[in-house]
Amino acid sequence: MTPAPLTVSRVFKAPIALVWAVHTDPKHQAKWLSPDNPEGYLSKLDFRVGGTHHYGAPGPDGAIMYGTQTFREIVPMKKVVLVQSFADKDGNIAPHPMAPTWPREILSTTDYEDLGNGTTRMAVTWVPFNATTVEEATFEGARAGMQGGWDHQFGQIEAYLAGL
Amino acid sequence: MTDQLSLTLAALADPTRRAMLLRLAAGTATVNELGAPFTLSQPAISKHIKVLERAGLISRGRLAQTRPCRLEPGKLLELNDFMDHFRVVTEQQMDQLETYLSELQAKGTEK
Chain A
7 MTPAPLTVSR VFKAPIALVW AVHTDPKHQA KWLSPDNPEG YLSKLDFRVG
57 GTHHYGAPGP DGAIMYGTQT FREIVPMKKV VLVQSFADKD GNIAPHPMAP
107 TWPREILSTT DYEDLGNGTT RMAVTWVPFN ATTVEEATFE GARAGMQGGW
157 DHQFGQIEAY LAGL
Chain B
2 MTDQLSLTLA ALADPTRRAM LLRLAAGTAT VNELGAPFTL SQPAISKHIK
52 VLERAGLISR GRLAQTRPCR LEPGKLLELN DFMDHFRVVT EQQMDQLETY
102 LSELQAKGTE K
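Chains A and B are the protein sequences, given in the same order.
The numbering used here puts the first residue of the first sequence at 7, with every later residue one more than the last.
The numbering used here puts the first residue of the second sequence at 2, with every later residue one more than the last.
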């Protein structure tokens with residue numbers, strides 16, 4: 007069973023060159039990924055195919071969440087394909103802090119599309135990479151919880167829980 | 002390594018089991034009632050119910066022979082926390098990026 011992808015997309019009122027720069031440059035990343043504490047954002051980037059990005063962003067509780075990315079395809083202002091993992095402070099791949107059977111590696115594809123009039127669509131698509139059956143099931147459960155209309159139906163269950 | 006959250010997520014990976022949970026959000030149901038909407042064999046229905054029960058998402062009553070199924074809130078609440086966390090790392094990052102882009106552009110026009 008190949009799990010269905012998880013996709014998040016957004017249309018930004020900004021030209022594609024700016025969206026690309028802001029999304030891929032660590033100096034910008036610090037400002038939007040860690041808006042309350044940009045100085046706390048740590049980044050070691052080697053932005054080329056085969057290169058890696060080891061980063062750490064402070065969470066709401068102050069604890070730093072580390073991640074690592076390995077770039078597989080870079081087409082400026084068009085597409086970035088990378089393998090994404092949670093990591094420790096030294097850049098070693100680590101399990102998801104809340105769900106240990108979350109896939110260790112996620113293949114992430116970001117597509118950038120110029121919609122004209124200074125607007126840009128960015129779509130991020132995730133699928134498990136080199137995943138075990140258990141990891142795929144964990145991913146599929148989370149995907150189903152967020153997409154496919156089930157997130158709305160989930161409201162029914164929340165309403166039920168609220169009434170207990 | 003099967004922690005509780007992973008069991009819960011794996012149980013949700015199947016559309017039949019998700020439909021069963023939604024049915025139970027409307028109230029308790031017997032195994033027959035839960036299986037009625039599906040063209041599945043009785044053993045297949047039982048297996049789905051066992052997975053939900055093992056994941057702690059439902060419990061079985063001791064009442065009579067029907068042993069009605071009911072939704073168990075605890076695991077669903079834990080799952081909700083995970084989903085919230087998930088939305089934070091996806092949608093909220095998009096929000097932050099959007100805010101930053103509009104701030105940058107506002108600064109650009111001030112100059």
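For every residue, glycine included, the Cβ atom is placed at its ideal position computed from N, Cα and C.
Every value quoted in this text rests on a predicted model; they were computed, and no experiment measured them.
Does B:M95 come within less than 7 Å of chain A when only Cβ atoms are used?
True, the Cβ-Cβ gap to chain A drops below 7 Å.
Which same chain residues end up closer than 6 Å to B:H49 when comparing Cβ atoms and leaving out the 5 residues on each side of it in sequence? Excluding the 5 residues flanking it on each side, B:H49 has same chain C-beta neighbours closer than 6 Å at T17, R18, in chain order.
Query raised in the report: What does a CB cutoff of less than 6 Å around B:M2 pick up in its chain, not counting 5 residues either side in sequence?
Result: With a pLDDT of only 42 at B:M2, under 50, the local geometry of the prediction cannot be trusted, and no value is derived from it.
Item to complete: Could you list which residues in chain A have their beta carbon closer than 8 Å to that of B:S42, in chain order?
Response: The premise fails here: B:S42 is roughly 20 Å from chain A at the closest Cβ pair, so nothing lies under 8 Å.
Worksheet entry | Under the three-state DSSP convention, the category B:S47 falls into | Helix.
When DSSP builds the beta bridges, which residues end up paired with A:G62? The partner list for A:G62 (beta bridge, DSSP) reads A:L48, A:Y72.
Point to revise | A:I80 versus A:A20, A:T58, A:P103, A:R110, residue with shortest Cα-Cα distance | key: With distances taken between Cα atoms, A:I80 lies closest to A:T58.
Query - Best match in B:L105, B:Q94, B:D82 for proximity to A:A129 [C-alpha to C-alpha] - result: Cα-wise, what sits closest to A:A129 is B:Q94.
Here's the rule I'm using: 16 or more other beta-carbon atoms within 10 Å means buried, otherwise exposed. How should A:M71 be labelled?
Exposed, because fewer than 16 other Cβ atoms sit within 10 Å of the Cβ of A:M71.
- With 7 Å set as the bound, which would you pick, yes or no: does the beta-carbon of A:R110 sit closer than that to a beta-carbon of chain B? Chain B, which has no Cβ nearer than 7 Å to the Cβ of A:R110, makes this no.
Exercise. Compute the Euclidean distance between the alpha carbons of B:K51 and A:P134, then round it to the nearest angstrom.
Key: Near 27 Å, if we compare the C-alpha coordinates of A:P134 and B:K51.
In the segment 25–84 of chain B, which residue ranges form an unbroken alpha helix (DSSP H) of at least 4 residues, counting only runs that do not cross its ends? Segments of the alpha helix (DSSP H) lying fully in the segment 25–84 of chain B: 32–36, 43–55.
Item to complete: Closer than 7 Å by beta-carbon distance: list the chain A residues that pair up with B:Q106, in chain order.
Response: In chain order: A20.
Which one or two residues does DSSP pair with A:Y183 in a beta bridge? Since the displayed chain A opens at 7 and closes at 170, residue 183 of chain A lies outside it and no answer follows.
Practice prompt. Answer yes or no: does any C-beta atom of chain A fall closer than 7 Å to that of B:F83?
Written response: Contact of B:F83 with chain A is assigned, a C-beta pair being separated by under 7 Å.
Subject >> B:A11 at chain A interface by Cβ criterion, 7 Å >> reply: The C-beta of B:A11 comes closer than 7 Å to at least one C-beta of chain A.
**Prompt:** Grouping DSSP H, G and I as helix and E and B as strand, with all else coil, what is A:K33?
**Reply:** Helix, per DSSP.
**Item:** Within chain B, the residues that A:L48 reaches when beta carbons sit closer than 8 Å
**Value:** What A:L48 touches in chain B, judged by beta-carbon distance under 8 Å, is nothing: the nearest beta carbon there is about 17 Å away.
Counting along the chain, where does the beta strand (DSSP E) carrying A:S179 start and finish? Outside the shown range of chain A (7 to 170) lies residue 179 of chain A, about which nothing can therefore be said.
- Query: A:R127 versus chain B: which residues are under 7 Å apart at the beta carbon?
  - Reply: None at all; the shortest Cβ gap to chain B is about 11 Å.
Give me the DSSP bridge partner(s) of A:R16. For A:R16, which the question treats as bridged, DSSP gives the partners A:M128.
Counting only beta-carbon separations shorter than 7 Å, does B:M2 have a partner in chain A?
Only weak support exists for where B:M2 lies, its pLDDT of 42 falling under 50; the value from the coordinates is given anyway. Any Cβ of chain A closer than 7 Å to the Cβ of B:M2 would place that residue at the interface, and such an atom is present.
Under 7 Å, Cβ to Cβ, is there at least one residue of chain A near B:T91?
Yes, contact with chain A.
* To do: Given a cut-off of 7 Å, decide if B:L53 and B:E73 are closer than it, judged by their beta-carbon atoms.
  => No, the pair does not count as a contact, with Cβ atoms beyond the cut-off.
(request) Leaving out five residues on either side along the sequence, give the residues of the same chain with a beta carbon under 7 Å from the beta carbon of A:A148. (result) Contacts found: none.
Quick test of the definition: if touching needs 3 or more C-beta pairs under 8 Å, does the segment 7–15 of chain A touch the segment 24–31 of chain A?
The segment 7–15 of chain A, when compared against the segment 24–31 of chain A, does not touch it at the 8 Å Cβ threshold.
Quick one: what does DSSP say A:A100 is sitting in, helix, strand or coil? Strand, per DSSP.
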